[in-house]
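Protein chains: 2
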Amino acid sequence: MSRRMKLDLSIILQKATEIADEQGLDQLSIGLLAEKLEVRPPSLYNHLDGLHELKQKLAIQGVKKLHEYMLQAAVGRSSDDAIRAISKAYLQLVREHPGLYDASTRFPDANDKELQQAQESVVQLVLQVLDAYHLQEEIAIHMVRGLRSILHGFSSIEQIGGFGMPLDINKSFSILINTFIEGIHAVMDNEDKYMQMNEAGE
Amino acid sequence: MSRRMKLDLSIILQKATEIADEQGLDQLSIGLLAEKLEVRPPSLYNHLDGLHELKQKLAIQGVKKLHEYMLQAAVGRSSDDAIRAISKAYLQLVREHPGLYDASTRFPDANDKELQQAQESVVQLVLQVLDAYHLQEEIAIHMVRGLRSILHGFSSIEQIGGFGMPLDINKSFSILINTFIEGIHAVMDNEDKYMQMNEAGE
DNA sequence: TTGCGAAAACTAATCGTATTAGTTAAAATA
DNA sequence: TATTTTAACTAATACGATTAGTTTTCGCAA
């Protein structure tokens, strides 16, 4: 059996994803990855430029997969239902691919074109979902930021095991999303008040 | 001039905090820290057990400082005002001590007693603030988790430069907090509905 | 089928960072 | 002043990423 037979970029990324998801992004090293691929560490440099580039690629994969999940969840739904669905999809992605997601929030190079584009597509998706509320454009963008904060915050706290108390975490999530949705409706009814709001928020 | 004159744990922590806040937690290394303290790297091991322990101590400091900020903000305020105040304090802590905060969310040892206690005091503070709404105890805990998610999510996305669009970030924050507050009021008026909510959130 | 050139593996070496071992000097104390 | 302790130091080790240089394998054209 020849020693040649495998190893291309997609196989490397796949194994790297496995390691990151199962053992945590910090455990992902050139050495461990090479070992799992039954290759010597330097061999990997024939396919990629180094650990940083690898993590960057994982980050991009993570955001793309997040978009996929959310897109699937959004089709056929609108307004409140759509928000609940994409939120659940977001959390599901993080639970299924914690390492990939972690990479996507700790990317080495935030100026990467492909990464930015993938991120933008998520933003656009959420904006589309929010269209149903007919918010002023500026308010809609603030709401996208808000929902993203909620989803990222909840997911990452869950990942680090930050919810100590023994209380159903899925219920916490549902209530949080529903509370936010209730808030959107309230803001909808008073948009002008919020548009004039000064930095103090009063 | 004796070579003896400085260096105790608090001085080390102070300098480490400086480095982490100014250059990022990942830049904090035994080597750099030793250099800034004008000491050889091994000398630091007379005062601490290694880089992991150092980061753990920073994490604890971070949570304690977060509690301080929020406590100060909460005195003399109640309900909506109090929520706005502690939220702003949270964001302020993260902006002033990004490295410390980062450590507090990426600690090596989540089972550390002192760390857990510091975290618990933050939770208790928020619970106290939420007392004003007379929510059922379980709902109150869900709300604590929700607010924490919002604050952590927003702060960390801001820190990684994740808010791309040129739109006032402070305003996004105010709107987010106010939207959540509106949501709390709506949930208050329909607590039973939310208590029965199934995992699907419907 | 054979032999050439490219691709991709390998070994060996280098570098940076954390850490440990063992030594020594300074400070505290008796 | 002599002794003990503390905390610095130098030297050495370990490990991970990476680079240099070499060799093997594969696809393809003569």
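Those sequence lines, one after another, are chains H and F.
Per the numbering used here, the first sequence starts with residue 1087, numbered consecutively.
Per the numbering used here, the second sequence starts with residue 1087, numbered consecutively.
The C-beta atom is built at its ideal place from N, Cα and C for all residues, glycine as well.
Assign residue 1219 of chain F to one of two classes, buried (16 or more other C-beta atoms within 10 Å of its C-beta) or exposed (fewer than that).
Classification of residue 1219 of chain F: buried, given that the 10 Å Cβ count is 16 or more.
Going by the beta-carbon positions, is the gap between residue 1280 of chain F and residue 1225 of chain F smaller than 8 angstroms?
Residue 1225 of chain F is positioned such that its CB atom lies closer than 8 angstroms to that of residue 1280 of chain F.
Kindly indicate which three-state DSSP category residue 1287 of chain F falls into: helix, strand or coil?
Summary for residue 1287 of chain F: the model assigns pLDDT 46, below 50, so the residue's position carries little reliability, and this model does not support an answer.
Nearest-angstrom Cα distance between residue 1259 of chain H and residue 1270 of chain F?
Their Cα atoms are separated by approximately 14 angstroms.
I need the straight-line Cα distance from residue 1088 of chain H to residue 1183 of chain H, nearest angstrom please.
Summary for residue 1088 of chain H: the model assigns pLDDT 42, below 50, so the residue's position carries little reliability; its value from the coordinates is reported in the next sentence. Taking the straight line joining both Cα atoms gives about 34 angstroms.
Does chain H have any CB closer than 8 angstroms to the CB of residue 1274 of chain F?
Not closer than 8 angstroms to any Cβ of chain H, the Cβ of residue 1274 of chain F fails to qualify, so no.
Going by beta carbon distance, what residues of the same chain come within less than 8 angstroms of residue 1255 of chain H, once the five residues before and after it are set aside?
Excluding residues up to 5 positions away in sequence, 1244 and 1249 lie with their Cβ nearer than 8 angstroms to the Cβ of residue 1255 of chain H in the same chain.
Evaluate residue 1217 of chain F with the Cβ neighbour count: other Cβ atoms within 10 Å of its Cβ, from every protein chain shown; 16 or more gives buried, anything less gives exposed.
So residue 1217 of chain F ends up on the exposed side.
Whether or not the region 1188–1197 of chain H and the region 1139–1150 of chain H are in contact is what I'm after, with contact meaning three or more pairs of Cβ atoms, one per stretch, closer than 8 angstroms; do they touch?
Cβ pair count under 8 angstroms is three or more, so yes.
What residue from H/1179, H/1277 and H/1124 has the CA that sits closest to residue 1241 of chain H's CA?
Out of H/1179, H/1277 and H/1124, the CA that lies nearest to the CA of residue 1241 of chain H is found in H/1179.
Would you kindly work out how many angstroms separate the C-alpha atoms of residue 1164 of chain F and residue 1213 of chain F, rounded to a whole number?
Looking at the backbone, the Cα of residue 1164 of chain F and that of residue 1213 of chain F are separated by about 12 angstroms.
Does any residue of chain H bring its CB to less than 8 angstroms from the CB of residue 1110 of chain F?
Using a CB distance cut-off of 8 angstroms, residue 1110 of chain F does not count as an interface residue toward chain H.
Anticipated Cβ contact below 8 angstroms, residue 1095 of chain F with residue 1134 of chain F, distance rounded:
With a contact defined as Cβ atoms closer than 8 angstroms, residue 1095 of chain F and residue 1134 of chain F qualify at about 7 angstroms.
Which full runs of the beta strand (DSSP E) of 3+ residues lie inside the region 1189–1272 of chain F, going along the chain?
Within the region 1189–1272 of chain F, complete beta strand (DSSP E) segments of at least 3 residues are not found at all.
Which residue wins for smallest C-alpha separation from residue 1185 of chain H, given the options H/1100, H/1137, H/1106 and H/1099?
Cα-wise, what sits closest to residue 1185 of chain H is H/1106.
Buried or exposed for residue 1132 of chain F, please, with buried defined as at least 16 other CB atoms from any protein chain shown within 10 angstroms of its CB.
Residue 1132 of chain F should be labelled exposed.
Grouping DSSP H, G and I as helix and E and B as strand, with all else coil, what is residue 1096 of chain F?
Correct three-state label for residue 1096 of chain F: helix.
Between the region 1197–1213 of chain H and the region 1151–1171 of chain H, do three or more beta carbon pairs fall short of 8 angstroms?
In this structure the region 1197–1213 of chain H lies against the region 1151–1171 of chain H, because at least three pairs of beta carbons, one per stretch, are closer than 8 angstroms.
Residue 1142 of chain F to residue 1102 of chain H, Cα distance in whole Å?
So the two alpha carbons sit approximately 27 angstroms from each other.
Report yes or no: is there a C-beta of chain F within less than 8 angstroms of the C-beta of residue 1150 of chain H?
Not one chain F Cβ lies under 8 angstroms of residue 1150 of chain H.
Which of the three DSSP states is assigned to residue 1161 of chain H in this structure?
Coil.
beta-carbon residue 1139 of chain F near the ligand COA non-hydrogen atom, thresh 7 angstroms
Judged by which ligands are present, the structure shown has none, so any question about the ligand COA falls away.
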